[in-house]
Amino acid sequence: MTEKPLHADAAHNRARILATATEVFAAKGPAASTEEIAAHTVVTLLSRDVTAAPALAGPNDAVATLLENDQTRARVRPEIHLDEVTALLTAASQGALTAAWPAGLQARTLAAIFTGLRP
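The opening residue of the sequence shown carries number 44 in the working numbering; numbering runs sequentially from there.
What follows is the structure, given as structure tokens:
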């Protein structure tokens with residue numbers, strides 16, 4: 044089965060996800076966890092300017108801050124909690140890594156998750 048070509052925004056997001064995973068693996072080596080990759084990916088994809096994000100203690104702090112900011116700006120549903128976002132992204136990351144999902148499936152899965160978070 045042939046993969047459909049990605050839309051420009053999906054291709055851009057995929058490139059950013061792969062770059063983020065590469066950075067996490069470069070920093071942590073084999074000790075890198077899918078939770079760290081997922082958290083850093085959320086920071087990369089949701090933040091409008093990651094370089095302006097405050098220094099935080101860990102990936103969950105970064106995700107919590109971005110979640111709160113996006114909920115304040117009505118970009119994420121107010122009833123969504125940090126543990127739910129972390130569970131979704133961890134499950135998707137584990138699935139993608141374990142089953143070697145093709146790029147198109149990865150992009151569509153993240154798009155479905157992010158769509159579900161929006162009001």
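We put the beta carbon where it would ideally sit given N, CA and C, even for glycine.
Excluding five sequence neighbours on each side, which residues of the same chain lie with their C-beta closer than 8 Å to the C-beta of residue i?
| i | result |
| --- | --- |
| A107 | L125 |
Got a sec? Which residues, its chain only, sit under 6 Å from residue i by beta carbon, not counting five neighbours each side?
| i | result |
| --- | --- |
| T152 | A135 |
If contacts are defined as beta-carbon pairs under 8 Å, then residue i and residue j qualify, I think. What distance do you get, rounded to the angstrom?
| i | j | result |
| --- | --- | --- |
| A81 | T133 | 6 Å |
| A130 | P162 | That pair is no contact at about 20 Å. |
| T63 | H83 | 5 Å |
| Q149 | R59 | About 12 Å; that fails the 8 Å criterion. |
Mapping the DSSP letters down to three states, classify residue i as helix, strand or coil.
| i | result |
| --- | --- |
| A69 | helix |
| S136 | helix |
| R57 | helix |
| E122 | coil |
| A142 | helix |
| A117 | coil |
| A64 | helix |
| L131 | helix |
| A107 | helix |
Go to residue i, then tell me how far its alpha helix (DSSP H) extends in each direction, as first and last residue.
| i | result |
| --- | --- |
| A154 | 146-160 |
Less than 7 Å between C-beta atoms, sequence neighbours within five positions excluded: which residues of the same chain meet that for residue i?
| i | result |
| --- | --- |
| P121 | Q114 |
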